[in-house]
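Asker: This is the structure, below, for whatever I ask next.
There are 2 protein chains.
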Amino acid sequence: MSDPLRIALAGLGTVGTGVIELLETNRSTIERRAGRALQIVAVNARDRTRDRGVDLSPFAWVDDMQAMAARADVDVVLELVGGSDGPALTLARAALDEGKAFVTANKAMIAHHGLSLAEQAALRGVPLKFEAAVAGGIPVVKGLREGAAANRIERIYGILNGTCNYILSEMERTGADFDAMLAEAQAKGFAEADPTFDIEGVDAAHKLAILSAIGFGARVDFANVDATGIGEVRAADITQAGTLGYVVRLVGIASIDESDGTPALLQRVRPCLVARGHPLAAVTGPTNAVVAEGNFSGRLLFQGAGAGAGPTASAVVADLIDIARGDLGAPFSVPVEELETFPPADPGNRIGRDYIRFTVTDRPGVLAEITAAMRDAEVSIESLIQRGRDHEGGEVLVAMVTHEGPERCVTKALELLDGSPSLTAPPLVMPILKD
Amino acid sequence: MSDPLRIALAGLGTVGTGVIELLETNRSTIERRAGRALQIVAVNARDRTRDRGVDLSPFAWVDDMQAMAARADVDVVLELVGGSDGPALTLARAALDEGKAFVTANKAMIAHHGLSLAEQAALRGVPLKFEAAVAGGIPVVKGLREGAAANRIERIYGILNGTCNYILSEMERTGADFDAMLAEAQAKGFAEADPTFDIEGVDAAHKLAILSAIGFGARVDFANVDATGIGEVRAADITQAGTLGYVVRLVGIASIDESDGTPALLQRVRPCLVARGHPLAAVTGPTNAVVAEGNFSGRLLFQGAGAGAGPTASAVVADLIDIARGDLGAPFSVPVEELETFPPADPGNRIGRDYIRFTVTDRPGVLAEITAAMRDAEVSIESLIQRGRDHEGGEVLVAMVTHEGPERCVTKALELLDGSPSLTAPPLVMPILKD
């Protein structure tokens with residue numbers, strides 16, 4: 001058996017301690033699969049005195065996290081600190097600079113700086129790995145990078161944020177409104193005290209940017225992920241969707257749009273209507289699920305726990321085992337210099353169906369005004385539901401589902417209605433996920 | 436860029452021609468991901484004259500399949516001929532003997548001879564790969580071997596046969612009986628003219644034996660997979676299951692049983708009752724799905740097309756790309772000499788719930804006889820349904836669901852009833868899948 005793979009671990013939160021526990025609990029299994037031992041040699045965290053429920057005495061304590069990169073007794077730096085920039089990024093650059101392998105669960109950092117880190121890793125010929133950055137314990141980075149490697153990927157989409165999925169599926173189950181379910185999610189530990197990144201779709205957008213880079217062999221382009229969160233989804237929307245045979249899920253979708261002649265990349269995170277028979281409709285609670293559609297494989301679904309100490313540690317250690325086994329594959333599936341640059345796609349090109357919900361004043365002629373705007377923008381309405389007064393006041397909900405058509409027509413219709421005194425709030429548009 | 440990976444392809448059926456089409460269609464994607472070209476240099480099939488819709492002129496035609504192994508211009512032998520023994524096995528042995536990498540989609544051969552082939556591959560230090568042998572296009576061999584590598588796997592189960600799943604889900608949808616749906620499956624190309632291997636669970640057993648070897652780091656033990664097919668499942672069983680909140684699926688399950696002190700391996704294929712909320716219940720048609728439960732990852736689900744030229748070719752070429760990238764990992768996740776030998780588990784140890792259906796004569800006292808046997812064997816009945824006369828004659832169906840208990844009690848109860856003139860056919864027992 002070869003020498004152990006020596007690891008410096010920065011960050012001893014739940015995931016960091018989870019990794020220590022996993023390496024201890026599954027030691028013999030891992031050694032046999034990796035062909036060598038995985039050995040933590042040094043650890044760092046902000047507070048040395050805190051009791052984390054794991055024995056840190058076998059490891060060297062390093063006060064200055066950045067000093068880990070230069071240690072001669074370290075082969076891999078494992079970063080579980082978080083934050084897109086700051087100390088995590090400094091450590092990543094220093095570690096790669098020193099020719100160390102680098103493993104992270106940091107989706108924000110990879111979404112923002114993954115490309116330049118991959119360039120640095122390629123220059124030094126060392127691995128850069130981030131399985132845990134996407135969809136927690138689900139081996140979907142490997143699934144896309146290697147399992148589906150023979151395919152031209154046509155579309156990638158999935159439920160990438162467990163907090164939002166918990167809230168939406170609980171809203172569906174209980175009929176409660178968003179605010180109540182967010183509070184419940186926070187009480188149960190499924191949402192953070194400041195849930196902004198989750199509920200506004202930023203976290204899902206980080207993961208989507210990483211997935212689309214791998215799936216399409218594209219340069220990571222987080223800046224062009226267009227994200228809308230779930231804060232505007234009301235209990236009434238979920239009820240209406242249910243009546244029509246759909247559930248509401250926050251879905252990240254990436255696809256290549258060739259309708260303007262040159263391939264362009266559409267990346268968006270949106271609350272969507274998902275038909276009840278679709279596998280994503282069955283995904284409830286904090287579970288994540290990713291679908292990749294390959295031109296030969298067809299639809300592949302990967303599902304599992306999207307967060308949590310155990311699942312995230314499982315993904316982190318899978319990366320460490322790969323490194324121990326000598327896997328030097330390109331972080332984004334093809335060598336970084338061969339990644340393609342796709343311009344962002346015009347979302348108006350999208351051909352699909354939409355759910356549109358208006359909140360309007362309860363007076364005559366409002367419905368006529370809305371349907372006239374739809375007609376003028378050439379949006380064809382498949383079904384229209386006018387719902388009685390909301391308990392909140394004189395407000396009435398008007399929900400509709402469009403026939404398949406270009407998204408730009410829907411946008412145009414909403415522009416025509418913009419500023420209308422009949423509308424009491426901005427309309428909510430939710431795309432209907434294409435099967 | 437390195438030299439191309441040179442492939443000899445034996446077998447030009449739908450999968451073989453699918454591989455040729457895939458390598459042509461996705462050539463540039465594959466080259467970038469593999470870091471080199473994948474090039475078929477030689478092909479072989481029984482009939483040279485048949486038009487397969489692909490251009491074979493770039494490849495050397497080899498009349499004697501076995502001659503492929505010795506060709507100096509070949510790095511990998513790809514076997515898509517099929518059959519557990521015979522020419523496929525001879526070719527595998529010859530190829531490994533010559534120090535060639537060997538890739539196959541042949542589940543029967545790997546289930547029967549995978550262990551000795553892995554030994555041969557280890558001796559020569561060459562890769563042996565068979566992603567396509569399990570669950571078609573789903574990268575579940577890689578998912579288990581690498582993606583879940585950090586975990587002690589506690590249970591593996593899944594829908595491993597598309598033919599059976601098509602028949603069962605169509606029986607559910609239409610209310611028709613097994614024979615009618617088998618005929619329909621054959622007409623639609625989802626079942627073969629001789630469907631024995633599929634409907635008797637042998638095909639699923641092959642795949643399960645491979646999965647459990649990988650998941651548990653166990654020596655492949657196909658002989659101890661206990662398989663029951665779906666031929667005895669009646670429309671009435673599916674209706675009863677539905678009433679109770681379940682669907683019927685043919686499930687392969689493998690787990691480690693430690694209840695007798697030493698770890699033993701339980702491997703079985705059974706029609707099972709699956710609760711409607713479980714992800715496997717949503718798997719309909721010829722789709723496959725595999726669940727692996729890791730001690731840190733929790734439940735991982737891999738789902739996709741279980742067969743077909745495109746998906747199978749996708750899995751085959753993923754193996755070829757891995758080989759091109761220099762992946763020399765152990766075929767069954769740990770070096771073959773370190774694979775453990777587990778004795779077969781006593782299925783009587785299983786603690787669970789069961790659905791039991793009797794077909795009985797329509798006369799007084801039959802129900803009392805059955806329930807007395809249950810009482811004497813200490814089987815606790817959760818619910819019991821007596822269904823009116825079947826249209827087939829004076830036969831009556833009695834279905835029940837047991838409380839959780841040892842399977843040996845159910846077996847004992849059936850022994851007590853064995854030979855009873857009240858029973859017109861052997862009872863059908865379907866385990867209820869534990870969540």
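Those sequence lines, one after another, are chains A and B. The first sequence begins at 1 in my numbering and counts up by one. The second sequence begins at 436 in my numbering and counts up by one. Note that beta-carbon positions come from the ideal geometry of N, C-alpha and C, so glycine has one too.
1) Determine the extent of the beta strand (DSSP E) in which Val396 of chain A is found, giving its start and end residues.
2) Assuming Arg268 of chain A and Pro343 of chain A make a contact with CB atoms under 8 Å, what is their CB distance in whole Å?
3) Count Cβ pairs between the stretch 767–776 of chain B and the stretch 329–336 of chain A that sit closer than 8 Å; are there 3 or more?
4) May I ask you to report which of helix, strand or coil DSSP gives Ala733 of chain B?
5) Please decide whether Asn479 of chain B counts as near chain A, where near means a Cβ-Cβ distance under 8 Å.
6) With a threshold of 16 other CB atoms inside 10 Å of the CB of Pro279 of chain A, please say whether the residue is buried or exposed.
7) Does the separation of the CB atoms of Val15 of chain A and Ala42 of chain A fall below 8 Å?
8) Can you give the Cα-Cα distance for Cys707 of chain B and Leu735 of chain B, rounded to whole angstroms?
9) Specify the secondary structure class of Glu340 of chain A as computed by DSSP and reduced to three states.
10) Which of the residues in the stretch 134–153 of chain A, read from start to end, lie with their CB under 7 Å from any CB of chain B?
11) Taking only beta-carbon positions, decide if Glu184 of chain A is within less than 8 Å of chain B.
12) Between the stretch 145–155 of chain A and the stretch 107–125 of chain A, can you find at least three pairs of beta-carbon atoms closer than 8 Å?
13) Between the beta-carbon of Ala413 of chain A and the beta-carbon of Ala377 of chain A, is there less than 8 Å?
14) Taking the DSSP output, what are the residues bridged to Ser818 of chain B?
15) Using a Cβ cut-off of 7 Å, which residues of the stretch 736–761 of chain B contact any Cβ in chain A, in chain order?
16) So which residues on chain B does Ala282 of chain A lean against when the C-beta distance must stay under 7 Å?
17) At 3 residues or longer, and completely inside the stretch 463–544 of chain B: list those beta strand (DSSP E) runs for me, N to C.
18) Thinking Ala10 of chain A and Leu80 of chain A are a contact (beta carbons under 8 Å), I'd like their distance in whole angstroms, please.
19) Counting Cβ pairs, one atom from each stretch, are 3 or more of them under 8 Å apart for the stretch 453–471 of chain B and the stretch 292–310 of chain A?
20) Please report the Cβ distance between Lys542 of chain B and Asp638 of chain B, rounded to the nearest whole angstrom; I am assuming they are in contact, meaning their Cβ atoms lie under 8 Å.
21) In whole angstroms, what separates the C-alpha of Ala205 of chain A from that of Ile256 of chain A?
22) Using the rule of at least 16 other Cβ atoms within 10 Å of the residue's Cβ for burial, across every protein chain shown, is His548 of chain B buried or exposed?
23) What does DSSP give as the partner residues of Phe793 of chain B in its beta bridges?
24) Could you pull out every unbroken alpha helix (DSSP H) segment of at least 4 residues lying fully inside the stretch 121–189 of chain A, listed in chain order?
25) Using DSSP's beta-bridge definition, name the partner residues of Ser749 of chain B.
26) Do you know offhand how far Gly419 of chain A's Cα is from Arg408 of chain A's?
27) Put Asn224 of chain A into one of helix, strand or coil per three-state DSSP.
28) Here's the rule: buried if 16 or more other CB atoms are within 10 angstroms of the residue's CB, otherwise exposed. What is Arg387 of chain A?
29) Just tell me which of B:Ile594, B:Thr598, B:Asp672 has its CA closest to the CA of Thr794 of chain B.
30) Name, please, each residue of chain C whose Cβ falls closer than 7 Å to the Cβ of Phe625 of chain B.
31) Any contact between the stretch 682–691 of chain B and the stretch 587–598 of chain B? By contact I mean 3 or more CB pairs, one from each, below 8 Å.
32) I'd like to know whether the C-beta of Gly488 of chain B is nearer than 8 Å to at least one C-beta of chain A.
33) Let me check one thing: in DSSP terms, what residues is Gly687 of chain B bridge-paired to?
34) According to the Cβ coordinates, are Gln39 of chain A and Arg6 of chain A closer than 8 Å?
35) Could you name the residues of the stretch 245–275 of chain A whose beta carbon sits closer than 8 Å to any beta carbon of chain B, in the order they occur along the chain?
36) Just checking my contact of Met65 of chain A with Leu91 of chain A at CB under 8 Å: how many whole Å lie between their CB atoms?
Answerer: Quick answer:
1) Where Val396 of chain A is concerned, the enclosing beta strand (DSSP E) stretches over 395–402.
2) Between Pro343 of chain A and Arg268 of chain A the Cβ distance is about 15 Å, and since that is not below 8 Å, they are no contact.
3) Contact between the stretch 767–776 of chain B and the stretch 329–336 of chain A is absent, because fewer than three Cβ pairs lie under 8 Å.
4) The sequence given here has Gly at residue 733 of chain B, not Ala. Gly733 of chain B sits in a strand when the DSSP states are folded into three classes.
5) Chain A contact via Cβ: absent.
6) With at least 16 other beta carbons inside 10 angstroms of its own, Pro279 of chain A counts as buried.
7) No, the pair does not count as a contact, with Cβ atoms beyond the cut-off.
8) Rounded to the nearest angstrom, the two C-alpha atoms are 20 Å apart.
9) In the structure shown, Glu340 of chain A sits in a strand (DSSP, three-state: E or B).
10) When CB distances to chain B are screened at a threshold of 7 Å, the residues of the stretch 134–153 of chain A falling below it are Gly137, Ile138, Pro139, Lys142, Gly143, Glu146, Gly147, Ala148, Ala149, Ala150, Asn151, Arg152, in chain order.
11) Closer than 8 Å: no.
12) Cβ pair count under 8 Å is below three, so no.
13) Result yes, Cβ atoms of Ala413 of chain A and Ala377 of chain A sit closer than 8 Å.
14) According to DSSP, which records beta bridges pairwise, Ser818 of chain B is partnered with B:Val836.
15) Residues of the stretch 736–761 of chain B whose Cβ lies closer than 7 Å to any Cβ of chain A, in chain order: Leu736, Phe737, Gln738, Gly739, Ala740, Gly745, Pro746, Ala748, Ser749, Val752, Ala753, Ile756, Asp757, Arg760.
16) Within 7 Å Cβ-Cβ: Pro714, Ala717.
17) Taking 3 residues as the minimum length, the beta strand (DSSP E) runs contained wholly in the stretch 463–544 of chain B are 473–479, 511–514, 536–539, in order along the chain.
18) Contact holds; Cβ gap of about 7 Å.
19) Contact holds: three or more Cβ-Cβ distances are below 8 Å.
20) Rounded, the Cβ-Cβ distance is 7 Å, consistent with contact.
21) Using only the alpha carbons, I get a separation of about 17 Å.
22) Of the other Cβ atoms in all chains shown, 16 or more fall within 10 Å of the Cβ of His548 of chain B; this residue is therefore buried.
23) DSSP output for Phe793 of chain B lists B:Val833 as bridge partner(s).
24) Correct list: 162–174, 178–187.
25) Bridge pairing for Ser749 of chain B: absent [DSSP].
26) Their backbone Cα atoms lie some 19 Å apart in a straight line.
27) In the structure shown, the three-state DSSP call for Asn224 of chain A is helix.
28) Counting Cβ neighbours within 10 Å, Arg387 of chain A comes out exposed, since fewer than 16 surround it.
29) For Thr794 of chain B, the nearest C-alpha among the options comes from B:Asp672.
30) Looking for chain C here will not work: the only protein chains present are A and B.
31) Output reads yes: the stretch 587–598 of chain B touches the stretch 682–691 of chain B.
32) Gly488 of chain B has a beta carbon lying at 8 Å or more from every beta carbon in chain A.
33) When beta bridges are read from the DSSP output, Gly687 of chain B appears opposite B:Gly593, B:Val704.
34) For the pair Gln39 of chain A and Arg6 of chain A, the CB atoms are nearer than the 8 Å cut-off.
35) For the stretch 245–275 of chain A, which is checked against every Cβ of chain B, not one residue is closer than 8 Å.
36) The C-beta distance from Met65 of chain A to Leu91 of chain A rounds to 6 Å, short enough to meet the 8 Å contact threshold.
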